[in-house]
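In the order they appear, the protein sequences are chains A and B. For the first sequence, the tail end lands on 1834 under my numbering, and the numbers increase by one without skipping. For the second sequence, the tail end lands on 206 under my numbering, and the numbers increase by one without skipping. To start, the structure under review is shown below, and the notes come after it.
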Amino acid sequence: MASARAPLSIQTKWAVRYTAALLVSISIFAFYVYARIDRNLEQDARLVLELQAQELVQELADGTGSTEGLTEYVERHVASAEPGVMLGIAVYDLAGNLLVARGSLQGHGVDVPREVLRGGRNTPAVYKAELGGRASYLVLATRAPNGIVQVAVSQHRFEERARHLAWVMVLALPLLLLLTLGTGWLLARGSLRPIAQITATARRITGANLDERIPTTGSGDELDQLAATLNDMIARLRESMERMRQFSADAAHELRTPLAALRSQIEVTLEKERTPSEYRGVLSGLLEEVETLGDAVHAMLRLASSEAGIDPTRRASVALVPLLDEVMDFFEPVADEHEVELRRTSCPEVSISGDPTWLHQLFANLLHNAIKYTPAGGRVTIEAALHGGRIAVRVRDTGVGIPKSEQERVFARFHRTGARQEVPGSGLGLPIAREIARAHGGSIELESTPGVGSTFTVWLPLGDHGPPAP
Amino acid sequence: MQRHTVHRAGKAIELTPKEFTLLEYLLRNAGHVVSRTMITEKVWGYGFETYSNLIDVHMNHLRRKIDRDFEPKLLHTVKGVGYVLDQRNAPREEREGIGRPA
């Protein structure tokens, strides 16, 4: 997966970021520790110096005052000190003349600070000095009642320790970072494994293979939720694919029978020579059937497009009353022929936001359906009433009615009610009406009593209400 | 409802607005055969294209008003093709194809 040209994987990115963050915090920590320890070491050195100086001051005060005795004392002291400390001791009289110098101070005089000489301060002065051009020393000078004491220790040993510590840190840091990088990489791989599974599953999914599901761990974490969400999406896709497949199958089935009839008519006609008038007669009959087929295909297209929702560029404000009048105009002669009375009660003057063509089709389908299933002498009534922000348009007929068990199925595609299979129609009128109502954010309800009649109620939102999110 | 009146042989005939539009369309295409689909689209507009098979009903209504009590017959069915409005009372077989509206 990780080719040289491929972008950095999330796994690598996470490991690198993790390591970088750690590098910063460890560096700060190491610097702090180093500074602290460095200071502590210097304080230790001062303490050693102060203790030595105190003893000397005491000796100077208690001693006999002879230079020999003092020299002997200082020599003993220097000899007994740890060799690594490189202790040096010098004693001056109050005027600043050297009385004795031993250890590291022997032969390498270090000036006594002026304030100490003058007695200007009581606290010891501590300073750094180079002795014989070698390592640096920490020097302490203090004034006793009868002389001046100077003590020096090498800083070498303390510096050595500090340097050692620094080296340990410098060497340990890359190792630590390497370890972190590796751990981070492994951790990231562990937590990203579900994503790899999702990717693999998604690759396998095709239109024909929507039964596949991404395995969920049940942990409920973010990736588990993602997997569940994707599974839901796949399920919805599967459902709509299934509907499309069903529709294609139904449509093909619906078209097959009339096409077979056309074919056999043509075959029979071609069996022998016919007169021009016979040909004309057959062709006219065929044309009529083809026109009916064309209407059915139109209806299928309308259904397919209404399921996809309203084209926003065709949305307009449609006045309800003229719309209903126009539809009634169209069906008036049809109702006449069926000897069905068609009438409309007064309707509120409202507008619906939607596709005018579709709204025409919606009411045309309901009206046509009502007229078709109403026996001669019956009546079809259109009423409309406001209910809150919605308008209810009722198409009420005194027709054959629909038994409860069939009421949901009348909205199924290519369904024709019970024994009335002989009633012509595409079997798509009501499904189209329902899809159009849905596309406008509305719905269709059906109430029906067999033998008494049916009422289809179209509920539509008023004004600029868009359809709900699909 | 608003009515439109036309006259034939001195007699007034009341038409509905749609019947009037339909007659107007046929007159504009007089002598040319128009198909049901063309009539649906031109006279009723969109939203009714799945109902071209109901055009015959409208034609029968119009024919009853403008032709039933008059001679010669003006509105002719070209079987399986559509309709034509013209004065010739010629046999259907002589007509050819579907006329194109101007």
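We treat Cβ as the ideally placed atom computed from N, Cα and C, and that holds for glycine.
Item	Value
Between the stretch 1627-1634 of chain A and the stretch 1610-1618 of chain A, do three or more beta carbon pairs fall short of 8 Å?	no
For chain B, check one thing: does any of its Cβ atoms lie closer than 8 Å to the Cβ of Phe-1820 (chain A)?	no
Helix, strand or coil: how does DSSP classify Leu-1826 (chain A) here?	coil
Can you pull out the residues from the stretch 149-168 of chain B whose beta carbon lies closer than 7 Å to at least one beta carbon of chain D?	The structure shown contains no chain D; its protein chains are A and B.
For Asp-173 (chain B), which three-state DSSP category applies?	coil
Look at Glu-1439 (chain A) and Arg-1466 (chain A) and say whether their C-beta atoms are less than 8 Å apart.	yes
Taking C-alpha atoms, which residue in A:Val-1474, A:Gly-1805, A:Gly-1763 and A:Thr-1677 lies nearest to Ser-1812 (chain A)?	A:Gly-1763
For the 8 Å Cβ check, are there 3 or more pairs between the stretch 1503-1516 of chain A and the stretch 1450-1468 of chain A?	yes
Smallest Cα separation from Pro-1712 (chain A): which of A:Leu-1731, A:Leu-1688 and A:Leu-1726?	A:Leu-1688
Go through its chain and collect everything with a Cβ distance to Arg-1507 (chain A)'s Cβ below 6 Å, but skip five positions before and after it.	Val-1480 and Gly-1483
With distance defined between alpha-carbon atoms, name the residue in A:Arg-1553, A:Leu-1556 and A:Asn-1595 nearest to Glu-1569 (chain A).	Before going on, a small fix: residue 1569 (chain A) reads as Ile here, not Glu. It is A:Asn-1595.
Counting only C-beta atoms, is Lys-183 (chain B) closer than 8 Å to chain A at any point?	yes
Nearest chain B C-beta to His-1848 (chain A) closer than 8 Å, yes or no?	Here chain A has residues from 1365 to 1834 only, and residue 1848 (chain A) is not among them.
Is the beta carbon of Val-1759 (chain A) closer than 8 Å to that of Glu-1820 (chain A)?	A quick correction: the sequence has Phe, not Glu, at residue 1820 (chain A). Yes, Cβ-Cβ distance for Phe-1820 (chain A) and Val-1759 (chain A) is below 8 Å.
At least one CB of chain A closer than 8 Å to the CB of Tyr-187 (chain B): is that the case?	no
Just list the residues that DSSP pairs His-108 (chain B) with in beta bridges.	B:Leu-119
Classify Asp-1659 (chain A): buried if its beta carbon has 16 or more other beta carbons within 10 angstroms, exposed otherwise.	buried
Using the beta-carbon of each residue, which ones in chain A are nearer than 8 Å to Arg-140 (chain B)?	Glu-1655
Could you pull the DSSP bridge partners for Glu-1446 (chain A) from this structure?	Beta-bridge pairing links Glu-1446 (chain A) to no other residue.
CB-CB under 8 Å to Glu-1494 (chain A), same chain, minus the five flanking residues each way: which ones, in chain order?	Ser-1500 and Tyr-1501
Could you pull out every residue in the same chain whose Cβ sits closer than 8 Å to the Cβ of Val-1442 (chain A), ignoring the five residues on either side in sequence?	Leu-1451, Gly-1452, Ile-1453, Arg-1466 and Gly-1467
Considering only their Cβ atoms, is the gap separating Leu-1541 (chain A) from Leu-1372 (chain A) smaller than 8 Å?	no
Name the DSSP beta bridge partners of Leu-1502 (chain A), please?	A:Lys-1492 and A:Val-1517
To the nearest angstrom, how far is it from the Cα of Glu-1652 (chain A) to the Cα of Val-185 (chain B)?	8 Å
Taking the beta carbon of Pro-1767 (chain A) as the centre, do at least 16 other beta carbons fall within 10 Å, making it buried, or is it exposed?	exposed
Does the distance from the C-beta atom of Phe-1522 (chain A) to that of Leu-1405 (chain A) stay below 8 Å?	yes
For Leu-1794 (chain A), tell me which candidate among A:Gly-1511, A:Leu-1730 and A:Gly-1448 has the shortest Cα-Cα distance.	A:Leu-1730
If you follow the alpha helix (DSSP H) that Val-1744 (chain A) is part of, which residue opens it and which one closes it?	Val-1744 (chain A) -> not in any alpha helix (DSSP H); beta strand (DSSP E) instead, spanning 1743-1751.
Among A:Val-1682, A:Ala-1505, A:Glu-1770 and A:Ala-1572, which one has its Cα closest to the Cα of Gly-1718 (chain A)?	A:Val-1682
For Leu-119 (chain B), count neighbouring Cβ atoms within 10 angstroms of its own Cβ and tell me buried if that reaches 16, exposed if not.	buried
Indicate whether the contact test is met: 3 or more Cβ pairs, each with one atom in the stretch 1542-1560 of chain A and one in the stretch 1392-1401 of chain A, closer than 8 Å.	no
Hey, Ala-1505 (chain A) and Pro-1477 (chain A): beta-carbon distance below 8 Å or not?	yes
Which of the three DSSP states is assigned to Ser-1583 (chain A) in this structure?	coil
Among the residues of its own chain, which have a CB less than 6 Å from the CB of Glu-1671 (chain A), if the five just before and after it don't count?	Glu-1799
Does any C-beta atom of chain B lie closer than 8 Å to the C-beta of Ser-1710 (chain A)?	no
Out of A:Thr-1639, A:Leu-1810, A:Val-1661 and A:Glu-1690, which one is the CA nearest neighbour of Phe-1778 (chain A)?	A:Val-1661
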